[in-house]
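Notes follow once the structure below has been shown.
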Amino acid sequence: MAVMVLYYVITALFTVILVRNFIKTRDVQKGILYLAVLMPFVLRLFRLK
Amino acid sequence: MKAKLGFGLLAVACVFMGTAAAQQTVDGFVIPGNLPLLKLPIVVTTCGQGPGALMFDVICDTAGIPCEERELLTVEEFVSECTGDTAWNVLVIITGTSLKGMGAAGVDVDSEVKRCLALIAAARELGVTIIVAQIEGPSRRTDESDEKSIRAMTPEADLLITRSDVNNDGYFTRIAEEKGIPQIFIEKTLDLQRLLPILFGMN
Amino acid sequence: MYIHAGIVLGVIVLVFALARFLKLSTELAMLGAALAGLIVHGLVVPSRELVGAFAWFEVPRHIVDGAFTYFDVVLIFLTATLFMNLLKDAGGVAYIVRGIVRRFHRHRALALLFLTVVMLIPGALTGSGTVTVLVVGALVGTVLTYMGVSEVRVTAIVFMCAAMSAAAPPINLWAMMAAAGSNMPYVGFFLPLGVLSVLGALFSMFYLGWRGTPIDLEQIMTELPKPPRGMRWWKVVVPFVVLFGLIAAGRVWPWAMPVLGLPLMFMIAAAIVVLTNLGQLKLIKVISDTVEQLLPLVGVMVVVGILVQVMALSGARGLISLSIVTMPLVAIFATLFIILPVSEGLIQYAVAPLIGVPLILLFNMKGFNPIIALAGMAAMWPVGDMLPPTSVVGRATVMILGFKGRYYSGFAKTCLVPAAFVLLLGSLFVVFSSRLGFLVGG
Amino acid sequence: MRLNKEWTIKGIAMAVTGTILVLAGIAFAQHRNFKEEVVLGPGVTTVRTLGDYFAPLKGGPNDANVFILDSGEPGGTMLVLGASHPEEPATSLTAHLLVENATVEQGKLIVVIHSNPSASTVTRPGDAYPRFFHIETDWGIKKFRMGDRWANPLDSWPDPETYVHFPSGQLLAYMDVRNLNRTWPGRSNGSLAEQTCYAFMRLIEAEGVDIVIDLHEAELEYPIIGTIVAHQKALRIAAMASMTLTAEEFRIGMEISPLALHGLSHREIGDHSNAPALLAETPQPFLDRVRGITDESLLLTGKDEFVMKAGEFGLLYWPIDESGWPIDARVGRHCSTVLKIAEFWTLFNRSKPLVVTSVPRYADVVANGTGYFFQDPATASASKVVYE
Chain W
1 MAVMVLYYVI
11 TALFTVILVR
21 NFIKTRDVQK
31 GILYLAVLMP
41 FVLRLFRLK
Chain S
50 MKAKLGFGLL
60 AVACVFMGTA
70 AAQQTVDGFV
80 IPGNLPLLKL
90 PIVVTTCGQG
100 PGALMFDVIC
110 DTAGIPCEER
120 ELLTVEEFVS
130 ECTGDTAWNV
140 LVIITGTSLK
150 GMGAAGVDVD
160 SEVKRCLALI
170 AAARELGVTI
180 IVAQIEGPSR
190 RTDESDEKSI
200 RAMTPEADLL
210 ITRSDVNNDG
220 YFTRIAEEKG
230 IPQIFIEKTL
240 DLQRLLPILF
250 GMN
Chain L
253 MYIHAGIVLG
263 VIVLVFALAR
273 FLKLSTELAM
283 LGAALAGLIV
293 HGLVVPSREL
303 VGAFAWFEVP
313 RHIVDGAFTY
323 FDVVLIFLTA
333 TLFMNLLKDA
343 GGVAYIVRGI
353 VRRFHRHRAL
363 ALLFLTVVML
373 IPGALTGSGT
383 VTVLVVGALV
393 GTVLTYMGVS
403 EVRVTAIVFM
413 CAAMSAAAPP
423 INLWAMMAAA
433 GSNMPYVGFF
443 LPLGVLSVLG
453 ALFSMFYLGW
463 RGTPIDLEQI
473 MTELPKPPRG
483 MRWWKVVVPF
493 VVLFGLIAAG
503 RVWPWAMPVL
513 GLPLMFMIAA
523 AIVVLTNLGQ
533 LKLIKVISDT
543 VEQLLPLVGV
553 MVVVGILVQV
563 MALSGARGLI
573 SLSIVTMPLV
583 AIFATLFIIL
593 PVSEGLIQYA
603 VAPLIGVPLI
613 LLFNMKGFNP
623 IIALAGMAAM
633 WPVGDMLPPT
643 SVVGRATVMI
653 LGFKGRYYSG
663 FAKTCLVPAA
673 FVLLLGSLFV
683 VFSSRLGFLV
693 GG
Chain E
695 MRLNKEWTIK
705 GIAMAVTGTI
715 LVLAGIAFAQ
725 HRNFKEEVVL
735 GPGVTTVRTL
745 GDYFAPLKGG
755 PNDANVFILD
765 SGEPGGTMLV
775 LGASHPEEPA
785 TSLTAHLLVE
795 NATVEQGKLI
805 VVIHSNPSAS
815 TVTRPGDAYP
825 RFFHIETDWG
835 IKKFRMGDRW
845 ANPLDSWPDP
855 ETYVHFPSGQ
865 LLAYMDVRNL
875 NRTWPGRSNG
885 SLAEQTCYAF
895 MRLIEAEGVD
905 IVIDLHEAEL
915 EYPIIGTIVA
925 HQKALRIAAM
935 ASMTLTAEEF
945 RIGMEISPLA
955 LHGLSHREIG
965 DHSNAPALLA
975 ETPQPFLDRV
985 RGITDESLLL
995 TGKDEFVMKA
1005 GEFGLLYWPI
1015 DESGWPIDAR
1025 VGRHCSTVLK
1035 IAEFWTLFNR
1045 SKPLVVTSVP
1055 RYADVVANGT
1065 GYFFQDPATA
1075 SASKVVYE
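Chains as they are written, first to last, in the working numbering: chain W, 1 to 49; chain S, 50 to 252; chain L, 253 to 694; chain E, 695 to 1082.
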């Protein structure tokens, strides 16, 4: 159970960084790809999938 | 082998009323005239570790026929047990392989064929009659392993008992004719409940 | 159904080609192709018994469902790279490279042997060639460069050895997934996979790395980046010991150890690097750079997942699978060396359930030894990791080594001979699987 | 200017992604929280949950309902497990049908509709399964969850690098640590699936279960199909059930549980308890890798051109034609198989009879449809409705 909580922490960490990189990137193609990668991270974080 | 192709057991002969050489229909089964001499008790094994031997044994039980099931019968065991007073007189080999848990947990069909060919050779020497039976139907004639088991055993039989629904390609009919092996077809596995007492003269 | 699946497949290929032509990145082109396939499927799906019209509400769900296909793999990539980047930032990688060069500079064969082992371990334990590249690729690459091996050959060696490390036992994800899909226990693969992967890696390493210049220790030591002053051997060793210790402990005491999973293990190792180098690391920057560095790889995994989902939904996946298994057996054998790597390049690990399972069931039906045959295939798939459109491990190699040459005419071409060796060996394993049964049992 | 253009595109992409996430999130939540309504049939005497046998599961994702149908007369006790793999829906439907219809005259029948409930709340990534399927009944449409083979990662995360089976030490694929039919006999401090199996083993002990039937479905490319797999302790029952079913109702084979394959119900339950276990398989083309369009239609009709084509090439272990393998035929097969095994249990164990009635057989289910045997929860009294 504690391990599972740590996985949400890891997921949250990378979610934050992905969002940060999305905001910072000047490359639109990269931006879109960041959003695609974010999808599973966000839904896992919200415990929807 | 010729020597063993006698004209059946007394009871069967009675049923045929002296016309043993001609085929007869008994209780729906077409019984060929050239039946080998069949004497109890029976030992049954499978070439491929399927449940066929067990099914055969269960049927013998319900029909009151003395039979022993030995899934992995070796030549040594066979020879040593065929020399006593209660020696087996018929060796039944059920063809078709079991594949649950492919791979490491599965069955090596080649070693099974080897084991059964050795049993057949020993049976010949000891004068034990060999029945090769395909009694589980299409479930045991689907793949290459089944085919290996069937093709290795079928030509070696003194009597073939075959589920008619696996003979679509005529393989069993052809082998029986080529080798002059008597063959009896059954529709369902449970038919053995009626067939075996007829063959062993228990009716 | 054939027409429908064919149309969807055609649209996917067409849109991908068009998007590439319009200078979209591979990942976005695949994403576009997948989405176009999904929409076309909804538009042209034939009327089906019992169900009404295509439910457009399901479209977003299918996209995200697909995006989750490789979520665990994505987490492993991110955490493994983060760990190594932190170590690199702390100067640990330079420290190890100097150590290896100093120890092995006199014995080329021994050095190559040692590097092969170093390359095989991460992938063998994690099942991922990418992890191998990300964790030890730069390190081995640097050493090889100082051994006088040309840049393109170094890149090819790192890729081939990484591919073989993914194939190496105990964890080969293709064999594992295909075995699970055909309800075989993952047992008996150790020896056949071991033989294939070790032979493949050694051949690649020695064929490409044997020629080179003798090492001039003095010069190299001045050229190699110097580790920071605070660097000590234990600061490098401890994170690795903890990492491999945790992985090993999970196997030695499987029921006493809580299941940590690879991402957490890499994070623990990363945390140790941070703790032992307090104040010296630009933590946020390293994480951010790691994510940016991995975006193409992680992106392609997410996008391929969506593509796989769309292909499964529309029957395009079944059509591909069916066309392969209905080929004559001889034709399958003769083309395995193309089918397997190409399909891996196309959809990554999803090939194992998609093509691996029907093929292994087919081989089993035809009387081949399913373990040996699957091991043979499972060594051939990773070679496809340098092929487009995904090229995951190939791109990771090029990226981590900073290879500036041409991808296909340079790097891929150099891989050709060792790749052919592995593919031939794998094919032979499949064809003669029933005679190699003695290898099972490891 | 450039910055504006960049942010316009990024903004649109964000809006699109956000919409996808919200809609997908709603779809996932609907699926995860959907409850199937079960109307307790005349035979049900008690409803417990797995947590009653192993407290740590109480209130958790796998606190499965356990329906007990006790005749009050002494006799044998049979446990029927539905949806060990929720992607095999004929199994949960059969168990559901048993709960709503069966009466027990002698002995005790215990039925679990969703043996791994967590796995029934998730769709399989990359495989495009539908979320729900619908069965037509006399009183309207009854809706069911379609699930996966593995427990939901939301309930069981992370997986190990490779799954080491307890207690054999056999290696299995990492995700199989969430596969209920690979985690028998389970362990009290293991993964969710391992704990669930552990709870079932405690149930088997506590209720004095004499025989277990684990219901499954399989792809036609797979050798173990249309068959009963039996533990060594139950071979004779399986042999007789298989032979008589084939003679009287439909073709069904038999397999002996291999000794060297671990984690499966038919191996471990028999090895680690007094109850032998049997596993019944029906053909489900939906699971074949060569299948065409993946949707509810394929799930319910079992009709697929691609699978048929594979059959023409001799690649299948089970026949298929234009009529496919409809859900009614699959549910009917399971119903008859359960009944036949109960009959032969009684025949071989005269002192512990198990007599189950009011359950339709194969021909009844095929003739009337599965839906015919479900009761309307709207007209049943609230105390008789249980949520799965």
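Glycine included, C-beta positions come from ideal geometry on N, C-alpha and C.
Alpha-carbon to alpha-carbon, residue j and residue i
i              : j              : result
residue 860/E  : residue 656/L  : 50 Å
residue 905/E  : residue 929/E  : 12 Å
residue 191/S  : residue 966/E  : 33 Å
residue 389/L  : residue 716/E  : 40 Å
residue 1030/E : residue 798/E  : 15 Å
residue 833/E  : residue 960/E  : 38 Å
residue 216/S  : residue 921/E  : 21 Å
residue 467/L  : residue 417/L  : 27 Å
residue 40/W   : residue 12/W   : 11 Å
residue 1055/E : residue 1082/E : 24 Å
residue 232/L  : residue 409/L  : Only positions 253 to 694 of chain L appear in the structure, and residue 232/L is not among them; the question remains open.
Buried/exposed call for residue i, threshold 16 Cβ in 10 Å
i              : result
residue 1006/E : exposed
residue 1070/E : exposed
residue 566/L  : buried
residue 844/E  : buried
residue 949/E  : buried
residue 880/E  : buried
residue 710/E  : exposed
Residue-chain proximity (residue i, chain L), Cβ-Cβ < 8 Å
i             : result
residue 890/E : no
residue 20/W  : yes
residue 46/W  : no
residue 130/S : no
residue 8/W   : no
residue 990/E : yes
residue 197/S : yes
Candidates the options: closest to residue i by CA position
i             : options                    : result
residue 170/S : 161/S, 143/S, 205/S        : 205/S
residue 175/S : 224/S, 139/S, 83/S         : 139/S
residue 547/L : 38/W, 43/W, 5/W, 42/W      : 38/W
residue 782/E : 993/E, 947/E, 934/E        : 993/E
residue 873/E : 893/E, 779/E, 943/E, 950/E : 779/E
residue 624/L : 613/L, 581/L, 691/L        : 691/L
residue 816/E : 926/E, 725/E, 732/E        : 725/E
residue 695/L : 622/L, 377/L, 497/L        : The displayed coordinates of chain L run from 253 to 694. Any statement about residue 695/L would go beyond what the structure contains.
CB contact check: residue i to chain W, cutoff 8 Å
i             : result
residue 515/L : yes
residue 869/E : no
residue 722/E : yes
Cβ of residue i within 8 Å of any chain E Cβ
i             : result
residue 3/W   : yes
residue 13/W  : no
residue 30/W  : no
residue 250/S : no
Min CB distance residue i to chain S below 8 Å
i             : result
residue 933/E : yes
residue 631/L : no
residue 981/E : no
residue 938/E : yes
residue 941/E : yes
Margin query: Whether or not the stretch 564-583 of chain L and the stretch 969-987 of chain E are in contact is what I'm after, with contact meaning three or more pairs of Cβ atoms, one per stretch, closer than 8 Å; do they touch?
Written below: Two segments are said to touch when three or more pairs of C-beta atoms, one from each, lie closer than 8 Å; by this definition the stretch 969-987 of chain E touches the stretch 564-583 of chain L.
Margin query: If contact is defined by three or more beta carbon pairs under 8 Å, each pair taking one atom from either stretch, is the stretch 786-805 of chain E in contact with the stretch 697-709 of chain E?
Written below: The stretch 697-709 of chain E is not in contact with the stretch 786-805 of chain E.
Check: Between the stretch 850-866 of chain E and the stretch 421-433 of chain L, are three or more C-beta pairs nearer than 8 Å?
Finding: Yes: the two stretches touch, three or more of their Cβ pairs being nearer than 8 Å.
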